[in-house]
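Okay, so here's the structure we're looking at.
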Amino acid sequence: MLKTDYINNPDIDLYEDSEYDYLTEKVLTKDIDEENCINCTVSACYITSNENLENYMYFMPLKDKRVATVGSSGDQALNAIYYGSKDVTLIDANPYSRAFTEYKIAMIKNFDCNKFHKILTSKKDLFSWITYRQISHDLSKDSQRFWDKLIIEQDNSPNSTLSSEDMYRILIQDYPFCSSEFYKFENYKKMQNVLKSGDYNLSFITAELSEFPMKLDGKYDSILLSNIYDYIYDSLDSEKFEKTIIKLYNDNLSEDGMIQVYYDMKRNGIWKRRNFYTNFDYNYYTVEGTFPPTRVWFINKTKDIDKIDNMQL
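Read left to right, the sequence shown gives residues 1 to 313 (my numbering).
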């Protein structure tokens, strides 16, 4: 954020330092021709979730419950708010999750459904100066600091080195897949009213999966982990993932709570073959409209299985 003292004392740094200053520099100095700037899971946000969230989130314990969720698109967190949660924590390894989620929230608060979808699906308009000036007042100061540097100083400058389309390529991966109830025309106004009311608390934590049990504060009724396991498995670190799940179950999950532990995006049965889920009271849901079938796996905390010992692995 611009320091007002700079006018009277030009020898001081022009901007206050923050985590977002570092992140902004990563964007501004990135080679936009690199292939990995398009599909880096850690540093690029999904524009929307690529899961069929509307097919399973509605039956999770969300209304008036505490929820912790991953998701760089922000859609899991927004769904939790839509379904009535008043206390949501978005915890993700992607450091841009907060900035992009707040940006999307500000768009929903200020645009009608048609305009929102038109801008969300436009690589030219999503991060344009014209869009930003209509929503920036609804961003937190930290997020404003991030977007100010990228949009006001870069995209709107005669000497701009970073266009709105370049920003899209660097910050966004995948295509819009609006599989949430609140994206639908008949429900959008409800989502908009909830966000405008401010009758909820949305907090953000940047952390690696192994840090989740330490970073999360207290007990949660629902914890959503998307398909993180796919990335853990690819790194041959399944046991580390499973130990983290046990810590979350023992230390961070409320009685009668639920962990959405795996979304079988790759549909290859890896999760089922390891049999880890048999340590818990578990169930799965088959997502409609996918072939081969996609399964969403849940573990439930019950009085009969209050604690899980690592020795059971």
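Glycine included, every Cβ here is placed at the ideal spot set by N, Cα and C.
**Study point:** Buried or exposed (CB count within 10 angstroms, at least 16 for buried), Arg98
**Key:** buried
Exercise for review: Put Met265 into one of helix, strand or coil per three-state DSSP.
Suggested key: coil
Check your understanding: Leu195 by DSSP, collapsed to three states: which one?
Key -> helix
Practice item. Can you tell me which of Thr101, Asp112 and Tyr183 puts its alpha carbon nearest to the alpha carbon of Ser143? Key: Looking at the Cα atoms, Thr101 is the closest of the given residues.
Practice item. Please list, in chain order, all residues of the same chain as Ala106 whose beta carbon is under 6 Å from its beta carbon, the five residues on each side excluded. Key: Ile135, Asp138 and Leu139
Review point. CA-CA distance, Thr120 and Asn50?
Key: Note on residue identity: the sequence assigns Leu, not Thr, to residue 120. Each residue's Cα considered, the two are about 15 Å apart.
Check your understanding: Does the distance from the C-beta atom of Met258 to that of Asn227 stay below 9 Å?
Key -> no
Exercise for review: Could you check how far apart the C-beta atoms of Pro225 and Ile81 are, in whole angstroms? I think they sit under 8 Å.
Suggested key: Before going further, note that residue 225 is Leu rather than Pro in the sequence given. 18 Å between Cβ atoms; not a contact.
Check your understanding: Is the beta carbon of Leu78 sitting closer than 9 Å to the one on Ser180?
Key -> Contact: yes.
Review point. So, Lys118 versus Tyr168, is the Cβ gap smaller than 9 Å?
Key: no
Exercise for review: Return yes when the Cβ of Tyr46 is within less than 9 Å of the Cβ of Ser72, no when it is not.
Suggested key: Contact: yes.
**Study point:** Distance between Asn52 and Arg295 (C-alpha atoms, nearest Å)
**Key:** Their Cα atoms are separated by approximately 11 Å.
Practice item. Compute the Euclidean distance between the alpha carbons of Arg274 and Cys178, then round it to the nearest angstrom. Key: Taking the straight line joining both Cα atoms gives about 32 Å.
Exercise for review: Identify, in the order they occur along the chain, each residue of the same chain with its Cβ nearer than 8 Å to the Cβ of Asn193, setting aside the five sequence neighbours on each side.
Suggested key: No residues qualify anywhere along the chain.
Check your understanding: How would you label Asp33, buried or exposed, when you count the other beta carbons within 10 angstroms and need 16 or more for buried?
Key -> Low confidence applies here, because Asp33 scores a pLDDT of 43, under 50, leaving its location unreliable and the question unanswered by this model.
**Study point:** Exposure of Thr89, with buried meaning 16 or more beta-carbon neighbours within 10 Å
**Key:** buried
Check your understanding: How many Å lie between Phe298 and Ile308 at the Cα?
Key -> 15 Å
**Study point:** Neighbour-count burial assignment, Ser197, 16 or more Cβ in a 10 Å radius
**Key:** Exposed: under 16 other Cβ atoms inside 10 Å.
Exercise for review: Alpha carbon to alpha carbon, how far is Tyr282 from Ser222? Give it in angstroms, no decimals.
Suggested key: 14 Å
Point to revise | Cutoff 7 Å; reference Pro176; Cβ partners in own chain excluding five residues on either side | key: Ile47, Thr48, Leu120 and Thr121, listed in sequence order.
Review point. In the segment 163-230, which residue ranges form an unbroken alpha helix (DSSP H) of at least 4 residues, counting only runs that do not cross its ends?
Key: 164-171, 185-197 and 212-215
Review point. Are the beta-carbon atoms belonging to Lys86 and Leu195 less than 9 Å from one another?
Key: Not closer than 9 Å, so no.
Review point. What's the C-alpha gap between Asp31 and Gly218?
Key: Note that Asp31 has pLDDT 49, beneath the 50 cutoff, so the model's placement of it is unreliable and the number below is only indicative. When rounded, the distance between both Cα atoms is 41 Å.
Review point. In this structure, does DSSP put Ile259 in helix, strand or coil?
Key: strand
Practice item. From the DSSP output, read off the bridge partner residues of Trp147. Key: In the DSSP output, where bridge partners are listed per residue, Trp147 has none listed.
Review point. Below 9 Å between beta carbons: does that hold for Lys65 and Tyr263?
Key: no
Exercise for review: Give me whichever residues DSSP pairs with Arg295 in a beta bridge.
Suggested key: Thr286
Review point. If we ignore side chains and look at the alpha-carbon of each, how far apart do Trp147 and Glu186 end up?
Key: 31 Å
Exercise for review: Can you say whether Gly84 is buried or exposed, counting buried as having 16 or more other CB atoms within 10 angstroms of its CB?
Suggested key: exposed
Review point. Rounded C-beta distance between Asp92 and Thr244? I'm assuming under 8 Å.
Key: At roughly 14 Å, the Cβ-Cβ gap does not stay under 8 Å, so Asp92 and Thr244 are not in contact.
Exercise for review: Out of Glu208, Glu165, Val70 and Asp75, point me to the one whose CA is closest to Glu54's CA.
Suggested key: Asp75
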